[in-house]
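Just below is one structure, and these are the notes that go with it.
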Amino acid sequence: MNFSGKHTLIVGGSSGMGMAAAKRLLDAGGSVTLVARNEKKLVQSQESLGATDKVNTFRCDLNSNEEVGSLIDHVSNEMKDVKYLINAAGVFFAKVIRGTYRRRL
Ligand SMILES: NC(=O)c1ccc[n+]([C@@H]2O[C@H](COP(=O)([O-])OP(=O)(O)OC[C@H]3O[C@@H](n4cnc5c(N)ncnc54)[C@H](OP(=O)(O)O)[C@@H]3O)[C@@H](O)[C@H]2O)c1
244 MNFSGKHTLI VGGSSGMGMA AAKRLLDAGG SVTLVARNEK KLVQSQESLG
294 ATDKVNTFRC DLNSNEEVGS LIDHVSNEMK DVKYLINAAG VFFAKVIRGT
344 YRRRL
């Protein structure tokens, strides 16, 4: 596929599946914004992807409502050209299964 001129927001883009997707999109001519918590890792990932003019970063912890709000503002105000979204970061809220079952009955 040709992703030339197409921008993708990748939440969890600084490693693993998100970064692998970023590489594929860049190889196909696209550009990306990587979102993750660790600023240093974001910069390292941006550098290792090479085309720094096609890779933006935004620091955000999905566990923080305030930071997610900042990300939403950033996307709304600064990323009007964004075309695709990849969610590659998961947040797990551990619960005792039996307790969850009882509360939901
Ligand atoms: N790889 C698999 O085979 C597989 C299979 C099934 C499910 N999953 C799930 O898919 C997700 C991605 O897997 P992966 O292997 O690509 O993991 P990974 O290499 O650990 O990458 C996770 C990415 O998400 C970011 N991240 C983690 N917590 C975050 C948070 N609270 N807010 C914002 N960014 C956050 C990480 O950067 P920072 O740490 O800097 O935030 C990193 O960029 C995980 O939730 C994993 O459990 C993976």
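Counting from 244, one number per residue, gives the positions in the sequence shown under our numbering. All C-beta atoms, glycine included, are put in the ideal place defined by N, C-alpha and C. Because the structure is a prediction, the values reported are computed rather than measured.
Here DSSP, grouped into helix, strand and coil, assigns V334 to coil. Apart from sequence neighbours up to five positions away, no residue of its chain approaches D296 with a beta-carbon distance below 6 angstroms. With a cut-off of 7 angstroms, the C-beta of G255 is classified as near ligand 1, since at least one heavy atom of the ligand falls inside that distance. One alpha carbon belongs to M260, the other to A332, and they sit about 9 angstroms apart. Between F246 and the set A337, H317, A265, the nearest pair of CA atoms involves A265. With a cutoff of 7 angstroms, R341 does not count as near ligand 1, since its C-beta is closer than that to no heavy atom of the ligand.
Using a 10 angstroms sphere on the CB of A279, the tally of other CB atoms reaches 16 or more, which defines it as buried. Annotation for A265: the continuous alpha helix (DSSP H) segment containing it runs 259 to 270.
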